[in-house]
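Take a look at the structure set out below.
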């Protein structure tokens, strides 16, 4: 199960990274808002699943929402 979830969330992070690199505009972190903060917090709860990285899932959700750090 750990290997499966590691592969699944690794693939999801890779997908989010490719999607973020193809964006023409990105949101500043100040635009996160309460809803976005709650969704990121809920995503961190996914890290309770063995094989899931809390920082990895946080980066994945941030990239999916259009936030990027460069």
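In this note's numbering, the protein residues as written are 814 to 883.
Positions of the beta carbon are idealized from the N, C-alpha and C atoms, including for glycine.
Please classify residue i as buried or exposed, where buried requires at least 16 neighbouring CB atoms within 10 angstroms.
i, result
"residue 875", "buried"
"residue 851", "exposed"
"residue 873", "buried"
"residue 888", "There is simply no residue 888 to check, as the chain begins at 814 and stops at 883 in what is shown."
Check for me: the alpha helix (DSSP H) holding residue i runs from which residue to which?
i, result
"residue 815", "815–834"
Anyone know if the C-beta pair for residue i and residue j falls short of 8 Å?
i, j, result
"residue 879", "residue 839", "yes"
Does the contact criterion of 3 or more C-beta pairs under 8 Å hold for the segment 860–870 versus the segment 836–846?
Contact between the segment 860–870 and the segment 836–846 is absent, because fewer than three Cβ pairs lie under 8 Å.
Extract the residue ranges of the alpha helix (DSSP H) inside the segment 840–870, only unbroken runs of 4 or more that lie entirely within it.
Along the length of the segment 840–870, whole alpha helix (DSSP H) runs at least 4 residues long occupy 846–858, reported in chain order.
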